[in-house]
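In this note's numbering, the protein residues as written are 121 to 639. Where a beta carbon is used, it is the ideal one built from N, C-alpha and C, also for glycine. Computed from a predicted structure; not experimentally measured.
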Amino acid sequence: MREDKAYLLGIDLGTTNVKGNIMDAEGNLIATASRSLGKIFPGQNMIEQDPSAWWTSTIAILKYMTALAGDDVVSNIKGISISSQCPTLLPLDEQGNPVHNAIIYADGRSVKETNEITEKIGFDKFVSIVGGQPSVAFLPGKLLWLKRNMPEVFEKTATIMQANSYLNYRLTGQLTIDIDTASRTQLMNLSTLEWADEIGDVIGVTLSDIMPPVKKCTDIIGYVTKEAAAQTGLWEGTPVVAGCSDAMASMYAIGLSKLGDAGESAGTSSLIFASAPQASACDVPVVTRPVGLETMPFVYDGPIGTTGAAIRWYVEQMGEADIASSIEAGKNIYDYMNKVAMKINPGADGLFFFPYMAGGERAPLWNSHARGMFIGLNLTTDRAHIIRSIFEGTAFALRHVMDAIKDAGGIAENLRITGGGSKSKTWNKIKASMLHMPVYVLDDISGDVPFGDILLAGHAVGIYPDLSEAVRKMVKIKEVIEPVPEWEKAYDKLYPYYKKIYQDLDGDLANLQQTITKL
């Protein structure tokens, strides 16, 4: 066997699929695989996933990759790192078995409980503890909801896990949580990096008892067990590091490494990043997190709930005629939509789309009552206008987040973009024009989230001692898309309307949500 060669494995468990890459230390792709994941909708504003499906899908991609790579490669995998969507509430019993489906970040069932916790602690104090604004996306309200509404499940719950933590547990038998994901739960005091007793007291739980031990992202938490090796094709004893959120892995995969860099991981939802020279205040709608790179000390990250999901929603619910037209034209449906949207003037002739399709919005609104809306429909509106407005509405949302980041002290001079959304040149031109900055489209390997996991794993085991240098060296730019001057002028005139229309409707949308819940 080639003992001189080193390989790394990265896995990302997203909302719609789980994907893995095996790469060598120079960044060459050896094997890759992905499997789709489903969602469960048990009630209004409720979104769950089956953790057994996470694991069986992960087994499937690992079996495929290890068989493809061969024993010479698999035996020399020096480290494994797993990232995932977050935050997630997955309750396990004393034996480590799930006692309920995973309640994921997009679930909005805990509005009442989230508001109650915030009111009891006080908004300012809550924000100062957790380092961000309260939202149903996070775990305090979800944990209280579980305790009140499923007492039999809560009674059996011994540990609350995250998605990547659960996969780590199935590989190693160790119950842990990485510090990055833990900091995104809103159950942690970000000043002390301990579980927040004040929040646990309001919920009525001792968080240090129900949450797993916190580890650094680069800590080796355990090794692939004999049982996991037999299931996956991995070698028993392969080191597994604590890992991180998909946000942090995306940041490394995108190649942010210096002040002025910004990025978007454009998938079902979008994660927006921008560099910062210093930490932000904790009461702004987007907050910084330490990066550990000398050339970029901090990064802002702001999640947008439904970007790619809005495009897919249109195709699934309204796109039957477009699908037929694309087949007739011999094009992929998404390529067809890109071409159609280019025929419409910037601003879609006054049609605005607000992409708040998941029962609220995260950054920068952080509320559960925002809703998807089309404003400006008329009898001349056709499918092409709607398609263009969806592209533009998600780009307006991107600008809204980026403005909040800049207002809070972030620096953004270019946008590195990856994920499925990066394949749309029309969308990228709109984003470049909306933000007044070039869009750097990364190659398929560089921008892939598992590539960020591989960089982290390599740093953890000493293959990449200087992580910032590894990022600069290995992340490749495929194409640069410049703003369209005429579009820039149009979007500058229209953007104030996008913000004001929502601001004027905000109170009514909040009241409407309360009315609907009482019907």
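| Query | Result |
| --- | --- |
| Judging by CA-CA distance, which residue of Ala173, Thr135 and Ala189 is the nearest neighbour of Ala153? | Ala189 |
| Between the C-alpha atoms of Ile167 and Val435, what's the straight-line distance to the nearest angstrom? | 21 angstroms |
| Can the beta-carbon of Asp568 be found less than 7 angstroms from the beta-carbon of Ala373? | yes |
| Do three or more CB pairs link the stretch 361-380 to the stretch 287-303 at distances below 8 angstroms? | yes |
| Span of the beta strand (DSSP E) holding Asp317? | Segment Asp317 to Ile323 is the alpha helix (DSSP H) holding Asp317; no beta strand (DSSP E) there. |
| Report the three-state DSSP secondary structure of Ser445 (helix, strand or coil). | helix |
| Excluding the 5 residues preceding and the 5 following Leu200 in the sequence, name in chain order all residues of the same chain whose CB lies nearer than 8 angstroms to its CB. | Looking at the sequence itself, residue 200 is Ile, so the reference to Leu does not match. For Ile200, where only same-chain residues beyond five positions count, the Cβ hits under 8 angstroms are Leu128, Leu129, Gly130, Ile131, Leu291, Val344, Leu354, Thr358, Pro359, Val360, Val361 and Ala577. |
| When you compare only the Cα positions, how much space is there between Tyr622 and Asp144? | 48 angstroms |
| Report the residue from Pro207, Ser377 and Leu149 whose alpha carbon sits nearest the alpha carbon of Ala532. | Ser377 |
| Exposed or buried, Asp527, counting other C-beta atoms within 10 Å across all chains shown (16 or more means buried)? | exposed |
| By Cβ distance, which residues of its chain are closer than 6 angstroms to Gln351, with the 5 residues on each side in sequence left out? | Ile179 |
| Which value, in whole angstroms, describes the spacing of the CA atoms of Leu471 and Glu440? | 21 angstroms |
| For Leu307, which residues in the same chain have their Cβ closer than 7 angstroms to its Cβ, ignoring the five residues on either side in sequence? | Leu259, Pro260, Trp315, Ala316, Ile319, Leu327 and Met331 |
| With a 10 Å radius around its C-beta and 16 neighbouring C-beta atoms as the bar for buried, classify Glu448 as buried or exposed. | exposed |
| So for Lys545, helix, strand or coil by DSSP? | helix |
| Taking the alpha-carbon of Thr277 as reference, which of Thr176, Asn196, Val256 and Leu212 has the nearest alpha-carbon? | Leu212 |
| Mind reading off the beta-carbon distance from Ile82 to Gln169? Whole number of angstroms is fine, and I expect it under 8 angstroms. | Here the chain covers residues 121 to 639 and nothing more, so residue 82 does not appear. |
| Closer than 6 angstroms by C-beta to Met368: which residues in its own chain qualify, once you throw out the five before and the five after it? Chain order, please. | Asp300 |
| Kindly identify the DSSP beta-bridge partner or partners of Asp421. | Phe393 |
| Given that a residue counts as buried once 16 or more other Cβ atoms are within 10 Å of its Cβ, and exposed if not, what is Glu551? | Correcting the residue identity first, residue 551 is Lys in this sequence and not Glu. Its Cβ being crowded by 16 or more others within 10 Å, Lys551 is buried. |
| If we ignore side chains and look at the alpha-carbon of each, how far apart do Asp421 and Pro397 end up? | 14 angstroms |
| Kindly indicate which three-state DSSP category Met416 falls into: helix, strand or coil? | strand |
| What is the rounded straight-line gap between the Cα of Pro218 and the Cα of Asp469? | 51 angstroms |
| Verify whether the separation of the beta carbon atoms of Val521 and Ile392 is less than 7 angstroms. | yes |
| To the nearest angstrom, report how far apart Leu625 and Ala386 are at their CA atoms. | 27 angstroms |
| Near Gly293, what residues of its chain come up, given a Cβ to Cβ distance below 7 angstroms and the 5 sequence neighbours on each side ignored? | Gly342 and Thr345 |
| So what does DSSP say about Leu639, is it helix, strand or coil? | coil |
| Thinking C-beta only, is Thr415 closer than 7 angstroms to Ser390? | no |
| Can you give the Cα-Cα distance for Met557 and Met185, rounded to whole angstroms? | 38 angstroms |
| If we require 4 or more residues per run, which alpha helix (DSSP H) segments fall completely within the stretch 270-356? | 271-276, 283-292, 299-303, 317-323, 327-330 and 346-352 |
| Pick out the complete beta strand (DSSP E) segments inside the stretch 528-583, 3 residues or longer, and give them in chain order. | 532-538 and 559-562 |
| Could you tell me the alpha carbon to alpha carbon distance between Asn288 and Met477, rounded to whole angstroms? | 31 angstroms |
| In angstroms, rounded to a whole number, what distance separates the CA positions of Leu562 and Met281? | 32 angstroms |
| Looking at the structure shown, is Leu471 part of a helix, part of a strand, or coil, going by DSSP? | coil |
| Can you tell me whether Glu356 is buried or exposed? The criterion is at least 16 other CB atoms within 10 Å of its CB, across all chains shown. | exposed |
| DSSP three-state call for Asp381: helix, strand or coil? | strand |
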